[in-house]
Amino acid sequence: MGKDLRDLQAKLNEVAQFVQNDIIDIIAIEGEKFIQKNFEDEGFNDGGPQPWKERKTTDKRGRDITRYRTNRVGKMGALNRYGSKLKDRPILTGHGSGGNKLRHSINTKKEKDRVVYSTPKDYAKRHNEGLDGMPKRQFMGESKTLSKNIETKVTKELDKIFKQ
């Protein structure tokens, strides 16, 4: 009986240590993975994928802005310089600038009781929330999928402790 209580006490101490030290790390890592996956999938995942709105390819009159309209500069109907840069390029990725600047600017700050994700880019909020005529292309925020991923990882780690 005494040995069982000591084993239980040791496991409870290990759980307390895990909660105090490791859970914040798990939340930070899972959150970073989630944000990067949203960029890869070009959409926000909250219980199911919510794809980002496509890039604008027509002007106000409905004309295709990615193709030549006359033979004066290039072959009519062929992709112009803008169109060729736009073609097959992921959304929220720049051209001729190395791209992925927003994606790689995400910072993670671990505090005692929370994890904060931020970016120094001014236009990140505009993309994430869809402000000033910009379509909403959310890449970070509360998500059922993220919560489930964190819960699964924490449960797995706790199971390891109790199976020892």
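Heads up: the sequence shown is residues 90 to 253, going by my numbering.
Positions of the beta carbon are idealized from the N, C-alpha and C atoms, including for glycine.
Distance CB(residue i)-CB(residue j) smaller than 8 Å
i: Glu-119; j: Leu-235; result: yes
i: Asp-197; j: Glu-121; result: The question names Asp, yet the displayed sequence has Thr at residue 197. Against a cut-off of 8 Å, the Cβ pair of Glu-121 and Thr-197 comes out as a contact.
i: Lys-233; j: Gly-132; result: no
i: Thr-208; j: Leu-220; result: no
i: Ile-124; j: Ile-195; result: yes
i: Met-229; j: Tyr-212; result: no
i: Asp-111; j: Glu-240; result: no
Cβ-based burial, residue i [other Cβ within 10 Å; buried from 16]
i: Phe-251; result: exposed
i: His-193; result: exposed
i: Gly-166; result: exposed
i: Asn-127; result: buried
i: Asn-134; result: buried
i: Ser-226; result: Per the sequence shown, residue 226 should be read as Arg rather than Ser. Buried is the call here.
Beta bridge counterpart(s) of residue i as assigned by DSSP
i: Leu-168; result: Arg-156
i: Gln-106; result: DSSP lists no partner for Gln-106.
i: Lys-198; result: Val-205
i: Asn-217; result: DSSP output for Asn-217 lists no bridge partner at all.
i: Gly-132; result: Pro-140
i: Thr-147; result: Asp-153
Euclidean distance between Cα positions of residue i and residue j
i: Ala-117; j: Asn-238; result: 12 Å
i: Phe-107; j: Gln-98; result: 14 Å
i: Arg-95; j: Ile-115; result: 28 Å
i: Arg-156; j: Gly-172; result: 6 Å
i: Asp-153; j: Glu-218; result: 27 Å
i: His-263; j: Arg-203; result: Coverage of the chain is limited to positions 90 through 253, which leaves residue 263 absent and any answer about it impossible.
i: Pro-242; j: Lys-249; result: Correcting the residue type first, residue 242 is Lys in the shown sequence and not Pro. The straight-line gap from Cα to Cα measures roughly 11 Å.
i: Lys-149; j: Pro-224; result: 16 Å
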